[in-house]
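Read through the structure below, which is laid out as C-alpha cells, and then see the notes.
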C-alpha cells in the first residue's frame with residue numbers, strides 16, 4: 003500500500019472512529035495547519051528581507067486595502083467553523099460533521115474555509131507589503147491545498163460519504179465559485 007492510500011486510510015479511520023480518537027486528533031490537525039499558515043507568512047517575510055524586496059503598496063494604503071480582504075477572510079473562515087460546529091463537527095478532517103454539508107456557503111464552494119485562508123494570506127501579503135507572499139507563497143499554498151484535497155481528502159470523502167459527495171463535487175467548485183453558479187443559485 004502506497005503512502006497516499008495509507009494516509010487516506012488513517013484519515014478515514016480517525017474520521018469514522020471513536021469520539022475520543024477524533025477529539026485527540028482534532029487539535030493536532032488544527033495546530034499543524036495553523037503552523038503551516040504561520041510558516042508561509044514568516045518565510046515569505048524573510049525572503050522579502052533577504053532579497054531586499056520593497057513593499058508593493060505604500061503606507062497607509064496597505065492597511066486600507068488589506069482591511070476588506072481580512073473581512074472577507076474572517077467571514078469565510080468564521081462562518082465555516084460555526085456552521086461545522088452547528089452540525090456537530092469541525093473543519094479539521096479528523097473530526098468532520100456526521101453528514102455532508104451542502105447549504106449556505108457550501109452551496110457555492112466545497113471549501114469556503116480554505117478559500118478564506120487564501121484571502122487571509124493575500125491580506126497579510128498586502129498588509130506587510132510582501133511581494134513574495136503575494137506572488138509566490140500564497141499561490142504555492144493554494145497549490146499545496148489543491149493537491150492535498152484532490153489526492154487525500156476527496157478520496158476519503160468519497161469513501162465515507164459515497165455517491166452523495168461525488169454528485170456534490172460535480173456541481174460545486176473546489177474554491178472559487180464562478181459568476182454562473184452565483185446567479186444560478188439566486189433564481
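Residue numbers (the numbering used here): 3 to 189. Positions of the beta carbon are idealized from the N, C-alpha and C atoms, including for glycine.
According to DSSP, is residue 164 part of a helix, a strand, or is it coil? coil
Excluding the 5 residues preceding and the 5 following residue 31 in the sequence, name in chain order all residues of the same chain whose CB lies nearer than 7 Å to its CB. 94, 95 and 96
Quick one: what does DSSP say residue 184 is sitting in, helix, strand or coil? Since pLDDT at residue 184 reaches only 49, below the 50 mark, its modelled position is unreliable, and the value read off the structure follows with that caveat. DSSP places residue 184 in helix when its eight states are reduced to three.
Can you tell me the Cα-Cα spacing of residue 74 and residue 52, whole angstroms? 31 Å
Segment limits, alpha helix (DSSP H) that includes residue 88: 63 to 88
For residue 26, name the three-state secondary structure that DSSP assigns. helix
Simplified DSSP assignment, three categories, for residue 103: coil
Taking residue 139 as the reference, give the member of 39, 25, 17 and 14 with the closest Cα. 39
At least 3 beta-carbon pairs within less than 8 Å: the stretch 158 to 173 vs the stretch 75 to 86: no
Indicate the three-state DSSP secondary structure (helix, strand or coil) for residue 189 in the structure shown. Low confidence applies to residue 189: its pLDDT is 44, below 50, so where it sits in the model is not reliable, and the reading given next is rough at best. Correct three-state label for residue 189: coil.
How would you label residue 44, buried or exposed, when you count the other beta carbons within 10 angstroms and need 16 or more for buried? exposed
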